[in-house]
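Participant: After the C-alpha cells below, expect a handful of questions from me.
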Amino acid sequence: MRSTRIIKNVVKTFKYLYGLRFEVKGLENFKVGSPCVIVSNHQSILDMMGLMEILPDRCVQIAKKELLYTGSVGLVMYLGGVIFINRKSTSNAKMVMADVAKTMLSENVMVWIYPEGTRNGNGDLLPFKKGAFHLAIQAQVPVIPVVYSSFSSFYDRKKNLFTSGKIRVEVLEPIETKGLTPEDVTELTNRCYSTMRETFFRLSGLVNEPNGPARTHLQ
Ligand SMILES: CCCCCCCCCCCCCCC(=O)SCCNC(=O)CCNC(=O)[C@H](O)C(C)(C)COP(=O)(O)OP(=O)(O)OC[C@H]1O[C@@H](n2cnc3c(N)ncnc32)[C@H](O)[C@@H]1OP(=O)(O)O
Ligand SMILES: CCCCCCCC/C=C\CCCCCCCC(=O)OC[C@@H](O)COP(=O)(O)O
Numbered sequence: 002m003r004s005t006r007i008i009k010n011v012v013k014t015f016k017y018l019y020g021l022r023f024e025v026k027g028l029e030n031f032k033v034g035s036p037c038v039i040v041s042n043h044q045s046i047l048d049m050m051g052l053m054e055i056l057p058d059r060c061v062q063i064a065k066k067e068l069l070y071t072g073s074v075g076l077v078m079y080l081g082g083v084i085f086i087n088r089k090s091t092s093n094a095k096m097v098m099a100d101v102a103k104t105m106l107s108e109n110v111m112v113w114i115y116p117e118g119t120r121n122g123n124g125d126l127l128p129f130k131k132g133a134f135h136l137a138i139q140a141q142v143p144v145i146p147v148v149y150s151s152f153s154s155f156y157d158r159k160k161n162l163f164t165s166g167k168i169r170v171e172v173l174e175p176i177e178t179k180g181l182t183p184e185d186v187t188e189l190t191n192r193c194y195s196t197m198r199e200t201f202f203r204l205s206g207l208v209n210e211p212n213g214p215a216r217t218h219l220q
C-alpha cells in the first residue's frame, strides 16, 4: 500500500534527527511465507521508529482504541491499517480478535501485538496479556517474538528527554502452534515471555537477578 510506504519512509528519517542507531538481527525469521502473530515489548513511542526499520509488508498492528482519536497520529494509524481494540471490555476485544483470526488467514496478513498491553519502561517486561496467544492458537499460526533492548540508558521517560543511543532489535525464531488448543495458551504465553525476557536482558546488557520478582503466568 502506497500510504504505508510513505509513512514508513518518513518515520525512518526521524532517527537521524534524534541520533538513534538501530542494530537489527534475525530479519530472516519474518520469512515464514504465511500469516503469523508478531509479539514485541513496548517501552515508548520511540518503539515506532524501530518498528519502521523492520515492519514486514502485509502486517497490521493492534492498538488501543483511544489512539484513533488523537488527531494526526490517529489518522496515520488508520491509514496504516491499524486494528483498534477496546481494552476496557475483554469480551469486545475477544470478539475483534476472533474476527482477526479469520481475516488474517483469508487475507494472508501478519498481526503485530504488544502483549504487555501498555507502554513499560521499567527496565523489565510486564507480565503478558493472553490475547496474542489465543489469536495464534485460534488461527494455528506461528508466534514470532521481537525484542527491543532497554532504552533506559539514553531515555528519561519522566522528562521525555533522550540523548543519542543504539537500540538493538532482534527477531526471534517462530514458535509453532500447530495442534495446540486453548488449554495450551498459558504455557505458550509463559514460553514466549521467558524467551523474550532473557533476550531483553541480553540485548540490554542487564543482569537478570535470580531473586527478582517471579513473573510467570500460572493459572
Ligand atoms: C508503515 C505502516 C504504518 C503503520 C502505522 C503506524 C503503526 C503504529 C501502530 C502502533 C501501535 C501501538 C499500539 C500500542 C498499544 O496500543 S498497546 C495496547 C493495546 N494492545 C493490547 O492491549 C494487546 C494486548 N492485550 C491483550 O491481548 C488482552 O489479552 C486483551 C485481548 C485486550 C484482553 O484484555 P484483558 O482482559 O486485560 O487480558 P487478559 O489477558 O488478562 O485476559 C482475560 C481473560 O480472557 C482470556 N482471553 C484473552 N483474549 C482472549 C481471546 N482472544 N479469546 C479467548 N479468551 C481470551 C484470557 O485467557 C483470560 O482468561 P484466563 O485468565 O486465561 O482464564
Ligand atoms: C519523542 C519523539 C519520537 C518520535 C517518533 C514518532 C514516530 C511516529 C510514528 C508513527 C506515527 C503513528 C504511530 C503512533 C503510535 C503511538 C503508539 C504509542 O506509543 O501508543 C502508546 C500506547 O501504547 C499507549 O498505551 P498506554 O497509554 O501506555 O497504556
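Counting in this note's numbering, the sequence shown runs from 2 upward without gaps.
For glycine and all other residues, C-beta sits at the position ideal for the given N, C-alpha and C.
Computed from a prediction, not measured in an experiment: that's the story for all the values here.
1. For a test of the three-state rule: what should DSSP assign to C193, helix, strand or coil?
2. If you pair each beta-carbon of the region 144 to 154 with each one of the region 188 to 208, do three or more pairs fall below 8 Å?
3. According to the neighbour-count rule (16 or more other Cβ atoms, all chains shown, within 10 Å of its Cβ), is E117 buried or exposed?
4. If you run the structure through DSSP and keep just helix, strand and coil, what is F152?
5. Return the bridge partner residues of S41 from the DSSP annotation.
6. Determine, using beta carbons only, whether P175 and P143 come nearer to each other than 8 Å.
7. In the DSSP output, which residue or residues are listed as bridge partners for V112?
8. Taking contact to mean at least 3 C-beta pairs separated by less than 8 Å, is the region 185 to 202 in contact with the region 53 to 73?
9. With DSSP as the reference, label I7 as helix, strand or coil.
10. Between which two residues does the beta strand (DSSP E) carrying K66 extend?
11. Measure how close the beta-carbons of I114 and G132 come, nearest whole angstrom, since I'm counting them as under 8 Å.
12. How would you label F201, buried or exposed, when you count the other beta carbons within 10 angstroms and need 16 or more for buried?
Facilitator: Per the coordinate set shown:
1. By 1-based counting over the sequence shown, the position of residue 193 is 192. In this structure, C193 counts as helix in the three-state DSSP scheme.
2. yes
3. Counting from one through the sequence shown, the residue named residue 117 turns up at place 116. That one is buried.
4. Here the question's residue 152 lines up with position 151 in the sequence shown. Of the three classes helix, strand and coil, the one that applies to F152 here is coil, per DSSP.
5. Within the sequence shown, residue 41 is the residue found at index 40, counting from 1. Its beta-bridge partners are V147.
6. For the purposes of this step, residue 175 is taken as residue 174 along the sequence shown, with counting starting at 1. For the purposes of this step, residue 143 is taken as residue 142 along the sequence shown, with counting starting at 1. Yes, the Cβ-Cβ distance between P175 and P143 is below 8 Å.
7. Here residue 112 is taken as the residue at index 111 of the sequence shown, counted from 1. Looking at the DSSP assignment, V112 forms a beta bridge with V38 and V61.
8. The region 185 to 202 is not in contact with the region 53 to 73.
9. Residue numbering aside, residue 7 sits at position 6 when the sequence shown is read from its first letter. Looking at I7 - three-state DSSP - the assignment turns out to be helix.
10. Within the sequence shown, numbered from 1, the residue matching residue 66 stands at position 65. Per DSSP, K66 belongs to no beta strand (DSSP E) and is neither H nor E.
11. By one-based count along the sequence shown, residue 114 stands at place 113. By one-based count along the sequence shown, residue 132 stands at place 131. The pair is a contact, with the Cβ atoms about 7 Å apart (cut-off 8 Å).
12. Here the question's residue 201 lines up with position 200 in the sequence shown. Buried, by the Cβ-count rule.
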